[in-house]
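Residue numbers (the working numbering), protein chains in the order written: chain A, 223 to 599; chain B, 33 to 404.
Just so it is clear, CB atoms sit at the ideal spot from N, CA and C, and this is done for glycine as well.
So this is what it looks like as structure tokens:
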């Protein structure tokens, strides 16, 4: 909301950016950053006499990508709606447990296990969405609370790993075609589905609108609650797929998966991918690039045998630096393709902040002297 | 709100009558109106529940022990409040607390004469981290969620890299007294813990600050930073100061926790979410612009009281997160519930006109004495 306004107010000052810069969208910058990191990594590894693009390294990189990738793609939907999901880590853990315990080593129950895990995940997403949209709880608190509830349940119910995944399903975690794990193929399918949902269907457009300005979206006739609920269900479903993948890799379900930090890492990946944390702008392709950036960092640290503690330091610094690099460009409206470009460029700062601004104070702070909106009520 | 209501009954005696008659109902409505009063009500409920379970909790010494334990979270909540009310997040406070404790143990290392220099160093370090956070958020325009998340990774990694995974060194008694000592320095007797005194002083400072131009500007910035900038506030400096306060408060909390609980590798983990939860429980709106610092402190007390209650109920430790999750969602949902009295400005200091207009639909007794 406030970003949208500041975007508009700065548009007059940013006429210096030439047409060539304008063509490069924020997703393009993310991929440039990815290429840069890959080149630097390859150089560093080569300096030590290794080969960054060896089959083993690529496999490691891709399998790192697929785990975080599912979670981050789902997180993108939620962040586009100006929401947030801190419960994904617990959903991953829970669905891995549900899958493993339902399958219980019986190959004929694979599909039952998959369906049960996804159903549990979707249920969590539904609860998240309902709490946020109907009870109007801030998404940070709502998903943190739901995550804590799941944590309490998991810690009480499951002590240590439980369940057993049949050999056939473990192939989901280990089979590969060349250097490409089968999980990456599944990730690609999910990615294509997500891109289609966001950019080709009505619910996808609605999510952009809801994230851009929920009041305007509601006044335009969008059922904003449904968009938010749908986004959360999709997000949790993706986390559920990640849980299935974990179950397939470990051969069992494990509650301690939630300590892996998928919640914050996925948010970092989404923002690295150029999606605005304030909602309304972003892309799945950018998120995938963000995940690839994090995974290649992980791979190169692994290859170079960096201390795991130093890894954290570098990762934190690089995340901040990368986001800082294109934070300016995201604020600059010319940098990322606005969904409604003709409108966005014709609107002048004064006229845009005029109707948009009183809406928020009038709703949030009733004591403000906003006679205009008061009269319409 | 009908505009005719104040016009027909502008007299002050009517207002006095309303306050004498509807005093209790208004208090109830205020307590249930979803503003920061909710947290005080919740705090009272939790306290009463604890007292019912365990009447000896009401003794001064138990209360002081509870407050001593709660002090670090209250201090963290004050710092987090400044950042949240200005429209940002600070996820790095937990790691900063951990870093400060480790720094203290490493540098003091049992040497009493080093206590004060190291405390000074810790304050500088905390302010430095706050400054870096603030400048990255305001000048480099990195979202604060990402900035402080990155800072969290950097601090955790750096501390473990520096200490090799397990903290070394030890704290002196002169350092630890702030976290576990009290004013009449005789163990076993009733004493007011230093931690409580420090918290009260910091709380008063925070309240005063929020009433000064800095606080007003901070809230205005959190409400609408563009409007604040157009009104002449230097938004970046106001927000950076909020992060500086957060860093300082995390330092104080680190000193208190280090004194109270000693040095472990896990100090501070998860504290950032607890501090944010406490602030939000206090009715402060994430995204900025609304909420009071006293309510945020009450939120921290409520959270600690809840943990005490869980102890009294001897819940299995694994189920506690679930109960905590349910309670924070319920409290925030309750505070966010839309009400008929939505237009009632609860903070308006003049009761004669507004409550009359508001109470009209809910309390039909009031118009009747005025009619004849």
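Can you find a CB in chain A that lies within less than 8 angstroms of the CB of residue i?
{"i": "residue 356 of chain B", "result": "yes"}
{"i": "residue 352 of chain B", "result": "yes"}
{"i": "residue 183 of chain B", "result": "yes"}
{"i": "residue 129 of chain B", "result": "no"}
{"i": "residue 113 of chain B", "result": "no"}
{"i": "residue 343 of chain B", "result": "no"}
{"i": "residue 193 of chain B", "result": "yes"}
{"i": "residue 348 of chain B", "result": "yes"}
{"i": "residue 116 of chain B", "result": "no"}
{"i": "residue 384 of chain B", "result": "Any reading at residue 384 of chain B needs caution, since the residue's pLDDT is 41, under 50, leaving its predicted position unreliable; the model's value is listed next. With 8 angstroms as the cut-off, residue 384 of chain B does not count as an interface residue toward chain A."}
{"i": "residue 172 of chain B", "result": "yes"}
{"i": "residue 309 of chain B", "result": "yes"}
{"i": "residue 260 of chain B", "result": "no"}
On a CA-only basis, which of the options is nearest residue i? Give me that one, please.
{"i": "residue 240 of chain B", "options": "B:186, B:79 and B:114", "result": "B:114"}
{"i": "residue 148 of chain B", "options": "B:204, B:317 and B:339", "result": "B:204"}
{"i": "residue 369 of chain A", "options": "A:522, A:470, A:481 and A:290", "result": "A:481"}
{"i": "residue 253 of chain B", "options": "B:70, B:119, B:344 and B:161", "result": "B:119"}
{"i": "residue 269 of chain B", "options": "B:262, B:153, B:144 and B:250", "result": "B:250"}
{"i": "residue 540 of chain A", "options": "A:251, A:278, A:515 and A:443", "result": "A:515"}
{"i": "residue 479 of chain A", "options": "A:372, A:528 and A:301", "result": "A:372"}
{"i": "residue 287 of chain A", "options": "A:319, A:250 and A:395", "result": "A:395"}
{"i": "residue 164 of chain B", "options": "B:124, B:189, B:190 and B:129", "result": "B:124"}
{"i": "residue 311 of chain A", "options": "A:534, A:547, A:533 and A:483", "result": "A:483"}
{"i": "residue 537 of chain A", "options": "B:323, B:84, B:298 and B:186", "result": "B:186"}
{"i": "residue 316 of chain A", "options": "A:393, A:466, A:290 and A:361", "result": "A:466"}
{"i": "residue 486 of chain A", "options": "A:401, A:290 and A:510", "result": "A:290"}
{"i": "residue 253 of chain A", "options": "A:414, A:495 and A:543", "result": "A:495"}
{"i": "residue 222 of chain B", "options": "B:138, B:94 and B:259", "result": "B:94"}
{"i": "residue 351 of chain B", "options": "A:249, A:341, A:376 and A:363", "result": "A:376"}
{"i": "residue 274 of chain B", "options": "B:262, B:246 and B:316", "result": "B:246"}
Does any CB atom of chain B fall closer than 8 angstroms to the CB of residue i?
{"i": "residue 384 of chain A", "result": "no"}
{"i": "residue 532 of chain A", "result": "yes"}
{"i": "residue 478 of chain A", "result": "no"}
{"i": "residue 299 of chain A", "result": "no"}
{"i": "residue 519 of chain A", "result": "no"}
{"i": "residue 252 of chain A", "result": "no"}
{"i": "residue 363 of chain A", "result": "yes"}
{"i": "residue 450 of chain A", "result": "no"}
{"i": "residue 537 of chain A", "result": "yes"}
Kindly list the residues whose CB is nearer than 7 angstroms to the CB of residue i, restricted to its own chain and excluding five residues on each side of it in sequence; keep chain order.
{"i": "residue 493 of chain A", "result": "499 and 545"}
{"i": "residue 285 of chain A", "result": "403 and 405"}
{"i": "residue 388 of chain A", "result": "325, 327, 328, 329 and 332"}
{"i": "residue 303 of chain A", "result": "429, 432, 433, 449, 450, 453 and 501"}
{"i": "residue 74 of chain B", "result": "334 and 363"}
{"i": "residue 140 of chain B", "result": "146, 147, 150, 201, 203, 204 and 207"}
{"i": "residue 303 of chain B", "result": "108, 125, 126 and 129"}
For residue i, which residues in the same chain have their Cβ closer than 6 angstroms to its Cβ, ignoring the five residues on either side in sequence?
{"i": "residue 313 of chain A", "result": "343, 346, 458 and 461"}
{"i": "residue 231 of chain B", "result": "103, 106 and 107"}
{"i": "residue 213 of chain B", "result": "226"}
{"i": "residue 282 of chain A", "result": "521"}
{"i": "residue 161 of chain B", "result": "128 and 279"}
{"i": "residue 468 of chain A", "result": "318 and 479"}
Assign residue i to one of two classes, buried (16 or more other C-beta atoms within 10 Å of its C-beta) or exposed (fewer than that).
{"i": "residue 268 of chain A", "result": "exposed"}
{"i": "residue 173 of chain B", "result": "buried"}
{"i": "residue 257 of chain B", "result": "buried"}
{"i": "residue 197 of chain B", "result": "exposed"}
{"i": "residue 272 of chain B", "result": "buried"}
{"i": "residue 380 of chain A", "result": "buried"}
{"i": "residue 265 of chain A", "result": "exposed"}
{"i": "residue 84 of chain B", "result": "exposed"}
{"i": "residue 243 of chain B", "result": "exposed"}
{"i": "residue 369 of chain B", "result": "exposed"}
Between which residues of its own chain and residue i is the CB-CB distance below 8 angstroms, once the five residues before and five after are set aside?
{"i": "residue 235 of chain B", "result": "106, 110, 325, 326 and 329"}
Next item on the list: Indicate whether the contact test is met: 3 or more Cβ pairs, each with one atom in the segment 497-515 of chain A and one in the segment 418-436 of chain A, closer than 8 angstroms.
Entry: yes
Note to self: Under 8 angstroms: do the segment 81-97 of chain B and the segment 137-152 of chain B share three or more Cβ pairs, one atom per stretch?
What the structure shows: No: the two stretches stay apart, fewer than three of their Cβ pairs being nearer than 8 angstroms.
Item checked: Three-pair Cβ contact test at 8 angstroms for the segment 506-523 of chain A versus the segment 248-263 of chain A -> Result yes; three or more Cβ-Cβ pairs closer than 8 angstroms.
Item checked: Stretch pair the segment 371-387 of chain A + the segment 471-486 of chain A: three plus CB contacts closer than 8 angstroms -> The segment 371-387 of chain A makes contact with the segment 471-486 of chain A: 3 or more CB pairs, one atom from each, lie closer than 8 angstroms.
Next item on the list: Please determine if the segment 290-304 of chain A and the segment 484-491 of chain A are in contact, where contact requires at least 3 C-beta pairs separated by less than 8 angstroms.
Entry: Yes: the two stretches touch, three or more of their Cβ pairs being nearer than 8 angstroms.
Next item on the list: Pair every Cβ in the segment 150-164 of chain B with every Cβ in the segment 281-297 of chain B, then say whether three or more of these pairs are closer than 8 angstroms.
Entry: The segment 150-164 of chain B vs the segment 281-297 of chain B: in contact.
Margin query: For the structure I just gave you, are there three or more beta carbon pairs, one from the segment 334-343 of chain A and one from the segment 329-345 of chain B, closer than 8 angstroms?
Written below: no
Next item on the list: Check whether the segment 356-363 of chain A touches the segment 343-359 of chain B, taking contact to mean three or more Cβ pairs, one atom from each stretch, closer than 8 angstroms.
Entry: no
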